[in-house]
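For reference, the structure discussed in these notes is given below.
Numbering (the working numbering), first residue to last: 58 to 831.
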């Protein structure tokens, strides 16, 4: 039809009509992903640019930018998106400006700047434009997937799918299905991926979208390789596709990597390397692409029996992940990005286990564990919008807590929407330091020397193939131990935590106390039977828990009685501590604060201040501003308050203050405080993202530069917490390090063992800052 119209325009001698046929042809070609033909058509239209009205000019630049993006030319794509924005803004075309601004955000995403892409998409979405947001939601989901925020991407896609089906948009339905399949692959749900692929293919066949069908076949090949099924067929199909010139589209490079991976799995490393060599000289592209290439090269090395080379390729991948994580100042995004490294990390750990070398296993696990804790903490300028959002969320959460059931129901939708806004704003924060030292993981020799210096034993727990293992490191060397099925160990820990929670809920003279005390001792004995043989009699113990053991109260184990214990996100972090590059020095030794609803907080805070020789007093519960100011000014912060750990959204974990909860989302970046004591229930817990990146209130403080944190993984009675905290601070002020001080405190009050010391070693006399303050 377009060709017929073009012939008619030529016969009429109408250059404007002729240009419009080329614009329309470019649009059609772009919708089915034929980008090269799309660019060619639109370049014909550019000859008649001077004849176009503003909306037609906008369409020309927008579509040309989109096509150039499909061909991988981000510089040209950005320039044409900016041109489209300028035309729309100049002529007051709000709806068209929204689309152009959204496309500019997509270019930032393809360029690898995820925080900027999220920010630009949010700014575009806030425009008062009366346009369908379906395409924008698809692109937003793509950026979320790249950031590793798969749960949020899935929710966005499923919402878009409802609209697309209701409006009969078959192409969009297929694209949504394809993206959902990719989410499934990332989450190891290969059956779900196949279901979504079938849906996408069915939608596209009705529209003869051959280029999109080829994309679906590529994702199908990804699923087959992940499942290890039908690999010869994958090689045959992709070899046919990969014959000829390597195109500029990212999908062309994906096809090469998948074929190479299938060949490596089939025992053809030479053929795999030959295919992979085709990528030489081409940009790697996204984080996921770079990590996939590292995985394929590691598989090739392993297929040749070159385990050291496989390890080096994995190291390259882990450093690439670290570099991408530190582009963002969002703790959530940093942790989530590790999802893209999960396949490579899993391969790496399995490789080390097969080798049977405990020292190599330690190096391998540390290579991937808590990468975001390795370098300097995040740094970001104060963000007024994020502050405003969290203040409003705090207000609504306080109203909800203080109100009845009707108030809770009324406020729930507004609170949920605000939490989504806070999270999205935090995701868009970019790190303000242009370059950071990329520190590698600690090696066994370095770890052994540090442990020997402290007369300590480190126990790093590893989950692989449904089995829990421990790597034990001390001055005597490194050993590996199999502890049994993971599910069995986790069930023992769940039972212990259930008993602890039940005990904490009882009144002091309840007749059930004795029964629950027996049950707790039994649960502790069962857990101790698993771990007790690992400590090796070390004077000090460092535990690096795996994801499933994030809420274990290690201090309570009978076999650890009398030993200072530190729980660290990684052995690297314990050995080296936080890298406080450029961090401000604390201006005062201590701030001690308390929140509302506690039994006797004022005497506790007064006694803590007395222990440190601080004479100021507080006559009322502190506000959220007081807490944030303390974290940004004092060397030691003591906070007595009710706390909550949010397992599904760990950065919304909070402590309750006079004006409402203070969230981990709003902590200073970086935190100045070196040691923080949280006399609050549950906030020592953390939730681990794939890739062993821990998230929670205590671990957020560690990520932001705090040396160590004292926090509880279970409920603790107010009176017990108050008494033990005063004893603890007296020990600290006398010069004991945090682990020693808490060990001595628990010796006096064994029931306080639900608290753990997290992070690195810290003492009041341990840094130059201490001497300055004194």
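Virtual Cβ for every residue (Gly too), placed ideally from N, Cα, C.
| Asked | Found |
| --- | --- |
| 6 Å Cβ shell around residue 828 - same chain, five flanking residues per side excluded | Confidence at residue 828 is low in this model, with a pLDDT of 33, below 50, so the placement of that residue is unreliable and no value is reported for it. |
| Burial state of residue 838 (16 or more Cβ within 10 Å) | Nothing about residue 838 can be read from this structure; the chain reaches only from 58 to 831. |
| Cβ distance (whole Å) where residue 76 is taken to contact residue 105 below 8 Å | 3 Å |
| Residue 717, enclosing beta strand (DSSP E) - first and last residue | 717 to 720 |
| Neighbourhood of residue 74 by C-beta distance below 6 Å, restricted to the same chain and skipping five residues each side | 66 |
| Through-space distance from residue 313 to residue 295, alpha-carbon basis | 8 Å |
| Residue 740 and residue 764 closer than 8 Å at C-beta | no |
| Own chain, CB closer than 7 Å to residue 540, minus 5 neighbours either side, in chain order | 525, 526, 527, 546, 587 |
| Coil, strand or helix - residue 714 by DSSP | strand |
| Nearest-angstrom Cβ-Cβ length linking residue 371 and residue 424, presumed shorter than 8 Å | 7 Å |
| Member of 786, 681, 537 whose CA lies at the smallest distance from the CA of residue 419 | 537 |
| With 16 other Cβ atoms within 10 Å as the buried cut-off, status of residue 491 | Any answer about residue 491 is weak, because its pLDDT of 48 lies below 50 and its placement is not dependable; what the coordinates show is given next. So residue 491 counts as exposed. |
| Span of the alpha helix (DSSP H), counted from its first residue to its last, around residue 601 | From DSSP, residue 601 is part of no alpha helix (DSSP H) but of the beta strand (DSSP E) over 597 to 601. |
| Residue 383 - DSSP class collapsed to helix/strand/coil | coil |
| Alpha-carbon spacing of residue 331 relative to residue 629, whole angstroms | 37 Å |
| Closer than 8 Å to chain D by CB, residue 147 | The structure shown contains no chain D; it holds only a single protein chain. |
| Within 8 Å, strictly: CB atoms of residue 316 and residue 280 | no |
| DSSP state of residue 138 mapped onto helix, strand, coil | helix |
| Proximity winner among 599, 265, 690, relative to residue 91 (alpha-carbon distances) | 265 |
| Beta-carbon proximity list for residue 648, same chain, < 6 Å, skipping 5 on both sides | 687, 691, 694 |
| C-alpha distance - residue 85 paired with residue 214, whole-angstrom precision | 24 Å |
| Residue 161 versus residue 142 - alpha carbon distance | 9 Å |
| Check whether residue 625 and residue 816 have beta carbons under 8 Å apart | yes |
| Counterpart residues of residue 812 in DSSP-defined beta bridges | 769 |
| Residue 598 beta carbon less than 8 Å from that of residue 517 | no |
| Residue 307 Cβ short of 7 Å to the ligand ATP heavy atom set | Among the ligands in the structure shown, none appear at all, so the ligand ATP cannot be discussed. |
| Cβ neighbour criterion (16 or more within 10 Å) applied to residue 794 | buried |
| Expected contact under 8 Å - CB spacing of residue 238 and residue 257 to nearest Å | 7 Å |
| Outcome for residue 207 when other beta-carbon atoms lying within 10 angstroms are tallied against a minimum of 16 | buried |
| Coarse secondary structure for residue 821, derived from DSSP in three states | coil |
| Rounded C-alpha distance that separates residue 131 from residue 138 | 10 Å |
| Option nearest residue 387 by Cα separation, candidates 787, 772, 767, 760 | 760 |
| Beta-bridge pairing of residue 529 - partner residues as DSSP gives them | 516, 536 |
| Start-to-end residues for the alpha helix (DSSP H) that takes in residue 192 | 191 to 203 |
| Supposed contact pair residue 731 and residue 819 - C-beta distance, whole angstroms, cut 8 Å | 6 Å |
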